[in-house]
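Asker:
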Amino acid sequence: MPERRTVALVTLGCARNEVDSEELAGRLAADGWDLVEEAAEADVAVVNTCGFVEAAKKDSVDALLEANDLKSGEGSEGNRTQAVVAVGCMAERYGKELAEALPEADGVLGFDDYADISDRLQTILSGGVHAPHTPRDRRKLLPVSPAERQSAGPAVALPGHGADAQGASAEPEDLPDGLAPASGPRAPLRRRLDGSPVASVKLASGCDRRCSFCAIPSFRGSFISRRPSDVLGETRWLAEQGVREVMLVSENNTSYGKDLGDIRLLETLLPELAAVDGIERVRVSYLQPAEMRPGLIDVLTGTEKVAPYFDLSFQHSAPGVLRAMRRFGDTDRFLELLEAIRSKAPQAGVRSNFIVGFPGESEADVAELERFLNAARLDAVGVFGYSDEDGTEAAGYEEKNDPAVVAERLERVSRLAEELSAQRAEERLGETVRVLVESLEDEEGAEGVSVLGRAAHQAPETDGNVLLDVAALPGREFVIGSMVEAKVVATEGVDLVAEPLGGAVEGGDEGGGSSEEAAT
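If you use this note's numbering, the sequence shown corresponds to residues 3 to 522, in order.
1) In terms of residue numbering, what span does the beta strand (DSSP E) encompassing Val-284 cover?
2) On the DSSP bridge assignment, give the partners of Pro-502 in chain order.
3) Please determine, among Cys-216, Leu-66, Pro-134, Thr-434, the residue with the shortest C-alpha to C-alpha distance to Ala-42.
4) Would you tell me roughly how many angstroms separate the C-alpha atoms of Ile-482 and Leu-442, rounded to the nearest one?
5) Could you check whether the Cβ of Gln-243 sits closer than 7 Å to any Cβ belonging to chain C?
6) May I ask you to report which of helix, strand or coil DSSP gives Val-301?
7) Is it buried or exposed for Gly-510, if we count other Cβ within 10 angstroms and need 16 for buried?
8) For the stretch 311-319 against the stretch 489-499, are there 3 or more C-beta pairs whose distance is under 8 Å?
9) Determine the DSSP secondary structure at Thr-51, reduced to helix, strand or coil.
10) For Phe-215, does the count of other Cβ atoms within 10 angstroms reach 16, so buried, or fall short, so exposed?
11) Which first and last residues belong to the alpha helix (DSSP H) in which Ala-93 is found?
12) Tell me the residue span of the alpha helix (DSSP H) that contains Lys-346.
13) If we count Cβ pairs, one from each stretch, closer than 8 Å, do we get three or more for the stretch 19-31 versus the stretch 43-52?
14) With distance defined between alpha-carbon atoms, name the residue in Ala-217, Leu-195, Phe-221 nearest to Gln-243.
15) Measure the CB-CB distance between Arg-122 and His-135 and report whether it falls below 7 Å.
16) If you run the structure through DSSP and keep just helix, strand and coil, what is Tyr-116?
17) Ignoring anything shorter than 4 residues or poking outside the stretch 387-440, list the alpha helix (DSSP H) runs there in chain order.
18) Using DSSP bridges, identify the partner residues of Met-249.
19) Considering only their Cβ atoms, is the gap separating Arg-373 from Thr-333 smaller than 7 Å?
20) Does the distance from the CB of Asp-264 to the CB of Val-323 come in under 7 Å?
21) Please report the distance separating the alpha-carbon of Ala-184 from that of Leu-160.
22) I'd like to know if the stretch 196-212 and the stretch 110-125 are in contact, where contact means that at least 3 CB-CB pairs between them fall below 8 Å.
23) Determine whether the beta carbon atoms of Leu-470 and Ala-500 lie at a separation below 7 Å.
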């Protein structure tokens with residue numbers, strides 16, 4: 003019997019990339035590849051790159067070079083790696099240019115290669131060459147009218163949507179254990195790459211907004227929704243795999259359904275997802291403030307098992323800067339939106355990202371942003387310094403701020419954001435929170451374990467954690483994937499410390515844990 007081929011997937015960037023990696027893993031597993039965690043143990047290391055901002059692109063290049071070191075023998079002895087392949091947004095965005103600038107990569111594959119990923123990797127592993135693609139503006143691949151996109155969609159590669167470039171189902175007749183699809187001819191192949199009780203589900207791809215600083219639509223394409231039945235089917239499958247929280251991801255979730263004839267489709271879908279057996283929490287990411295509507299706020303704040311969580315893309319609050327960004331709103335309108343949310347759910351979680359140093363931004367504009375931050379009571383804040391992005395409108399703007407000015411504003415606003423988010427965490431002292439247990443770690447120099455999880459206002463990886471004080475309830479068993487009611491008793495920055503309340507742990511072994519994943 004020939005030796006099995008092995009592949010490792012290294013994922014950088016956002017949750018959308020994580021979904022794409024699991025789709026690639028599913029396609030490869032269905033074609034007989036063995037998935038391994040460490041690149042050094044794989045015949046092929048596939049790096050799913052990020053192409054959003056300069057720092058992320060640098061991280062992607064560093065990951066490719068690190069994988070190449072394994073291949074060239076510069077890492078530890080006994081490495082198996084024979085080839086390094088770049089996929090993802092940076093590979094799609096730059097194609098041939100990336101291949102020429104980074105000869106250490108044995109292949110640079112775009113989204114159109116995903117349907118044939120197994121053949122592409124086999125060709126590269128065998129010493130063949132697959133020519134890198136020439137990038138194109140993917141917004142031009144779909145009709146301008148959203149209503150016409152669903153019928154045209156199968157002609158375009160849409161990672162995470164399930165159909166290949168010819169529109170045929172990618173599902174083979176016999177699938178290995180633990181491999182999606184859940185159901186339906188458009189369901190994506192998917193293999194979990196970890197045992198986390200949390201997973202992202204792609205709601206849509208692309209974006210129709212034309213923010214002057216953002217290049218994402220040019221390489222992710224125009225907005226196109228997945229069908230509700232596909233999203234539901236995949237969520238059911240994930241629940242069967244032990245997932246207890248699903249996070250809906252796309253470039254713009256508030257646009258969901260507009261190409262399906264119903265801009266309010268998300269309001270209908272959310273209660274159905276929350277009703278899936280085994281799912282304890284549904285979270286929606288990336289919401290556009292200008293597209294928020296009362297009915298969506300009602301569903302997000304009033305539906306059992308739907309987290310009252312608002313990942314709102316404010317970007318700034320000074321009206322002049324926002325207009326230059328091709329965005330809408332201002333400080334007072336944004337504060338009115340937050341008041342509307344908190345009037346229905348006072349404990350609702352809100353996070354956002356902001357850009358400082360945008361071309362033309364004045365000290366008065368920064369002061370206006372600081373006014374908003376002081377009043378907004380945000381749970382988590384990301385602050386980024388402006389830098390030109392290839393192919394964006396803003397890259398051609400005049401009145402660029404000096405890099406030293408951008409750096410100073412970044413440091414100042416970041417420091418303020420950190421202080422304010424810590425204050426917001428302190429406001430939660432005494433609150434009762436529902437914590438999804440995600441990890442059990444041995445405490446160095448102490449008996450027992452550290453039990454970490456997240457409350458409804460905390461998204462994975464970005465918004466802090468809850469440390470459960472297990473000493474407050476001796477003899478209590480905690481299981482990964484269970485939901486625990488707890489009272490917040492202390493804070494550490496944006497992180498919370500909470501004492502579990504009495505009563506049984508929700509979920510038990512059915513919450514994605516096992517006898518090896520329990521602690522007393």
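Every residue gets a Cβ at the ideal spot worked out from N, C-alpha and C, and that includes glycine.
Answerer: Reading off the structure:
1) That run of the beta strand (DSSP E) goes 283-286.
2) Ala-488.
3) Looking at the Cα atoms, Leu-66 is the closest of the given residues.
4) Whole-angstrom Cα-Cα distance: 7 Å.
5) Absent from the structure is chain C; it holds one protein chain and no more.
6) DSSP places Val-301 in helix when its eight states are reduced to three.
7) Bear in mind that the predicted position of Gly-510 carries a pLDDT of just 39, short of 50, making it unreliable; the figure below should be weighed with that in mind. That one is exposed.
8) Not touching, per the Cβ criterion.
9) Strand at Thr-51.
10) That one is buried.
11) Where Ala-93 is concerned, the enclosing alpha helix (DSSP H) starts and stops at 90-96.
12) Residues 333-346.
13) Yes, since at least three Cβ pairs between the stretch 19-31 and the stretch 43-52 fall closer than 8 Å, the two stretches touch.
14) Scanning Ala-217, Leu-195, Phe-221 for the CA closest to the CA of Gln-243 turns up Leu-195.
15) Their beta carbons are not under 7 Å apart, which means Arg-122 does not touch His-135 by this criterion.
16) Correct three-state label for Tyr-116: helix.
17) Listed in chain order, they are 405-429.
18) Looking at the DSSP output, Met-249 sits in a beta bridge with Ser-202, Arg-285.
19) Between Thr-333 and Arg-373, the C-beta spacing is below 7 Å.
20) It is not a contact, given that the beta carbons lie outside the stated cut-off.
21) With a pLDDT of 44 at Ala-184, under the threshold of 50, the predicted position of this residue should be treated as unreliable, though the coordinate-derived value follows. About 18 Å.
22) Cβ pair count under 8 Å is below three, so no.
23) A contact, by the Cβ cut-off of 7 Å.
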